[in-house]
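Using numbering that gives the first Met the number 0, you'd call the opening residue of the sequence shown number 0 and step up by one each time.
Quick reminder that beta carbons are idealized off the backbone N, C-alpha and C, glycines included.
Just so it is clear, the structure is predicted and the values come from calculations on it, not from any experiment.
Presented below is the structure to which this report refers.
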Amino acid sequence: MSSLQFLVFLFVLFLSEMGVTSTLKTALDPSLKIYKKLFEVKRREQLSALKKLAHLNDVHQQYKILDVMLKGLFKVLEDSRTVLVAAEVLPDGPFPQDEKLKDAFSHVVENTAFFGDVALRFPRIVHHYFDRNSHWNLLIRWGISFCNQTGVFDQGSSSPILSLMAQELGISEKDSDFQNPFKTDHTEFVASTDPFQKALKEEEKRRKKEEKRKEIRKGPRISRSQSEL
Numbered sequence: 000m001s002s003l004q005f006l007v008f009l010f011v012l013f014l015s016e017m018g019v020t021s022t023l024k025t026a027l028d029p030s031l032k033i034y035k036k037l038f039e040v041k042r043r044e045q046l047s048a049l050k051k052l053a054h055l056n057d058v059h060q061q062y063k064i065l066d067v068m069l070k071g072l073f074k075v076l077e078d079s080r081t082v083l084v085a086a087e088v089l090p091d092g093p094f095p096q097d098e099k100l101k102d103a104f105s106h107v108v109e110n111t112a113f114f115g116d117v118a119l120r121f122p123r124i125v126h127h128y129f130d131r132n133s134h135w136n137l138l139i140r141w142g143i144s145f146c147n148q149t150g151v152f153d154q155g156s157s158s159p160i161l162s163l164m165a166q167e168l169g170i171s172e173k174d175s176d177f178q179n180p181f182k183t184d185h186t187e188f189v190a191s192t193d194p195f196q197k198a199l200k201e202e203e204k205r206r207k208k209e210e211k212r213k214e215i216r217k218g219p220r221i222s223r224s225q226s227e228l
């Protein structure tokens with residue numbers, strides 16, 4: 000298995016596996032306090048995977064991996080929202096006891112936070128997909144609102160992620176002193192190396208050219224009968 004295939008598999012596994020709340024089965028009192036500790040463990044695993052992705056220094060592979068990952072992430076988020084809404088689970092209510100609801104709850108919390116990590120570390124790639132997808136915009140707005148009411152993000156290393164993500168994506172108004180902590184300035188992604196920056200720009204140019212060609216193909220064409228007049 001190539002490194003690219005392994006990373007794709009790893010991210011899909013992160014998104015689709017049962018949430019960390021599955022370990023609460025053996026706990027005598029599966030409370031929010033217990034979940035928050037397990038959530039921090041999950042967050043460390045997610046950040047470790049993102050570091051591996053950043054170290055690829057190959058923007059073409061990163062686009063491919065993030066394309067698969069983002070589509071899977073929002074599919075899981077949408078399915079989990081459907082489950083929670085149908086069961087009338089309130090984000091600020093009691094921690095779910097039903098296993099299906101626990102999984103849906105953890106999927107929303109973990110994937111919303113994970114998307115925040117991705118958006119802050121790969122802003123250009125994320126904006127390329129996110130800015131033109133109104134459905135994803137609505138889903139992540141709901142996810143942020145849900146997460147903010149759960150109490151999971153009240154303290155700990157993950158507490159700033161929702162606010163930073165919302166500001167980076169334009170979901171909320173930017174604070175006067177807002178700065179993406181993973182950018183060296185307001186236009187460049189912190190990476191890594193100059194070759195990475197160059198590859199990213201080349202990939203953006205290539206995609207823009209592809210989009211223009213598609214627009215030209217979709218444009219009006221002169222029929223044969225018209226051209227003969």
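For residue i, which three-state DSSP category applies?
i      : result
Lys50  : helix
Lys208 : helix
Lys70  : helix
Lys182 : strand
Gly92  : coil
Gly142 : helix
Gln60  : helix
Glu39  : helix
Lys213 : helix
Phe152 : coil
Glu187 : With a pLDDT of only 40 at Glu187, under 50, the local geometry of the prediction cannot be trusted, and the value read off the model is given with reservation. Three-state DSSP puts Glu187 in coil, outside helix and strand.
Ile33  : helix
Arg80  : helix
Asn147 : helix
Leu55  : coil
Beta carbon of residue i, beta carbon of residue j: below 7 Å?
i      : j      : result
Phe247 : Leu119 : What the structure shows of the chain is the stretch from 0 to 228, and residue 247 is not part of that stretch, so it cannot be assessed.
Val108 : Val151 : yes
Leu100 : Val88  : yes
Tyr128 : Leu49  : no
Ile113 : Gln45  : The residue you asked about is not Ile; residue 113 is Phe in the sequence shown. Yes, Cβ-Cβ distance for Phe113 and Gln45 is below 7 Å.
Ser171 : Phe94  : no
Leu65  : Ile124 : yes
Report yes or no: is there a C-beta of chain C within less than 7 Å of the C-beta of residue i?
i      : result
Ser157 : Here chain C cannot be found, since the structure has a single protein chain.
Exposed or buried, which one is residue i when buried takes at least 16 other CB atoms within 10 Å?
i      : result
Ser157 : buried
Pro159 : exposed
Arg42  : buried
Ile139 : buried
Asp97  : exposed
Ile215 : exposed
Asp102 : buried
Val58  : buried
Gln178 : exposed
Asp130 : exposed
Gln154 : exposed
Below 6 Å, is the gap between the Cβ of residue i and the nearest heavy atom of the ligand NAP?
i     : result
Ala48 : Ligands in the displayed structure: none, and consequently the ligand NAP is not present.
Residue range of the alpha helix (DSSP H) that residue i falls in?
i      : result
Ser105 : 98–120
Ile160 : 160–167
- Message: Quick check: the stretch 92–109 against the stretch 143–158, are at least 3 beta-carbon pairs closer than 8 Å?
- Response: yes
- Does the stretch 80–96 come close enough to the stretch 45–57 to have 3 or more Cβ pairs within less than 8 Å? no
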